[in-house]
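In our numbering, the protein residues as written are 8 to 488.
Here's the structure we're looking at; comments come further down.
What follows is the structure in structure tokens.
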């Protein structure tokens, strides 16, 4: 290669520009050139050569890994992070949609409704697994970037618009639902209802939406799940009390309930149109995909990416299983209690009296669950808007292929040496980076941050607050209208 020093220097500069996401490649512009006829470069020897000649490479790689890899909290076991992630995924899944599930099962019939529910749950698990695999493979942390990596920029733009419409529409529905639930508990005029909605939005919905990380919502999500369980408990107690008012003995309760459910095995109208009407409600009930990437990104990377993927798989199964159990339980209880009189909003089936203390608590708990689920619709919409207005560096491998081919034409020796250096750089940097990441994960730090989040250094508090106010304000405004 001594015959073409200028070409090799230029190609080395090209190698410097060829960087993968979150990887820092060593400077190869001054690598000692081997004499003509030397055997192909061995990967291990090349790695040792690069490390010996460039002692700053290891430090630079450590610095680069530190800048793109947040330190994790290793004082806690990985299992301790599973409940919080499960709570966030459940809260993103559960919400006001659970109030329409009993009516959906009534429309579709218990047989078809169960098939729809299981199909929706399976589809959710499979889609989450696809998203997690893509996030792990490409080291990205947002739904939009996954779409861009797999389908291109045009698809990403379409998905960003879809996420905005979906999340904003759901947030508007949550604001309206809170007002309706509170109105059922406390009689008030329309102006008083708007004042109550404004108070809840200002004191709870907006502050929760301004939080930066999904992890900060773990406790709030847990409260939301407990609130829905309270509603299930109140519905069960009402069912038992309702049966007893009809002079039914306790041992006949389940017998009468079973006979009631047998009436709803088939679709409500005896046709498939009722099943089709139930499909959107059931499929929407398990919608949580827009939050998956951020939840996965914020899991601690203990034991490497494979362990993190396995942890997310446990989180997915637990969350979907818990949501499915709650959906099924509250639907069956409502059907046994009200039968064919069940309404699209199950809360409308109940008549609140001064003696129904538990139902009053359950209604307020449902309003609380909706409030806790509200920010989980603002988070992904905020990410979409932020990435729309922020220019991100290209994450793809940028290589001047035409320039390289022009330089290498007619010189097989330089082409061979270029290929050897390129392969040596890639094979030597990856093991070292993996070792450094393992060392990072074993360090003790009190902050548990995301592994692949590439926007940490670019965080702008003013922009964050402004976008949050815009989205939450639009949801609140449309909700009042």
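Ideal Cβ positions, reconstructed from N, Cα and C, are used throughout, including at glycine.
Item                                                                                                                    : Value
Contact under 8 Å by Cβ, residue 366 with residue 105                                                                   : no
8 Å Cβ cutoff met for residue 300 and residue 150                                                                       : yes
Delimiting residues of the alpha helix (DSSP H) encompassing residue 100                                                : 89–100
Cβ pair residue 237, residue 99 closer than 8 Å                                                                         : no
Counted within 10 angstroms of its Cβ, other Cβ atoms place residue 379 as buried (16 or more) or exposed               : buried
Integer Cβ distance of residue 344 from residue 246, believed to fall under 8 Å                                         : 4 Å
Close-in-space but distant-in-sequence residues of the same chain around residue 121 (CB under 6 Å, 5 per side omitted) : none
Within 8 Å, strictly: CB atoms of residue 232 and residue 124                                                           : no
Cutoff 8 Å; reference residue 387; Cβ partners in own chain excluding five residues on either side                      : 150, 170, 174, 297, 298 and 301
Close beta carbons around residue 316, own chain, < 7 Å, minus the five adjacent residues each side                     : 139 and 143
Distance CB(residue 178)-CB(residue 351) smaller than 8 Å                                                               : no
Where residue 313 falls: helix, strand or coil (DSSP)                                                                   : helix
Where the alpha helix (DSSP H) containing residue 298 begins and where it ends                                          : 296–304
Residue range of the unbroken alpha helix (DSSP H) whose run includes residue 131                                       : 117–145
Three-state class that DSSP yields for residue 34 in the structure shown                                                : At residue 34 the pLDDT is 46, less than 50, meaning the model places this residue with poor confidence and gives no usable figure here.
Stretch-stretch touch, CB-based, cutoff 8 Å, three pairs: the region 88–95 with the region 271–291                      : no
Cβ-based neighbour list, residue 306, same chain, cut-off 7 Å, excluding 5 preceding and 5 following                    : 88, 92, 315, 318 and 319
Nearest neighbour of residue 217, chosen from 478, 487, 485 and 230 [CA to CA]                                          : 478
Reference residue 193, options 374, 385 and 392, closest by Cα                                                          : 374
Helix, strand or coil at residue 356 [DSSP, three-state]                                                                : helix
Residue range of the unbroken alpha helix (DSSP H) whose run includes residue 475                                       : 468–487
Residue range of the unbroken alpha helix (DSSP H) whose run includes residue 348                                       : Unbroken run through residue 348: none, as it is neither H nor E.
Best match in 467, 482 and 383 for proximity to residue 96 [C-alpha to C-alpha]                                         : 383
Rounded distance between the beta-carbons of residue 110 and residue 349, thought under 8 Å                             : 6 Å
Selection from 270, 396, 213 and 358 that minimises the alpha carbon distance to residue 385                            : 213
Opening and closing residue of the alpha helix (DSSP H) in which residue 185 lies                                       : 160–192
Given residue 114 as reference, the closest of 470, 271, 203 and 181 once Cα atoms are compared                         : 271
Assigned exposure category for residue 206 - 16 Cβ within 10 Å defines buried                                           : exposed
Residue 483 to residue 310 span [Cα, whole Å]                                                                           : 43 Å
Counted within 10 angstroms of its Cβ, other Cβ atoms place residue 118 as buried (16 or more) or exposed               : exposed
Outcome for residue 129 when other beta-carbon atoms lying within 10 angstroms are tallied against a minimum of 16      : exposed
Sub-8 Å separation of residue 242 and residue 340 beta-carbons                                                          : yes
Alpha-carbon to alpha-carbon, residue 476 and residue 203                                                               : 19 Å
Alpha carbon of residue 337 to alpha carbon of residue 327, nearest angstrom                                            : 15 Å
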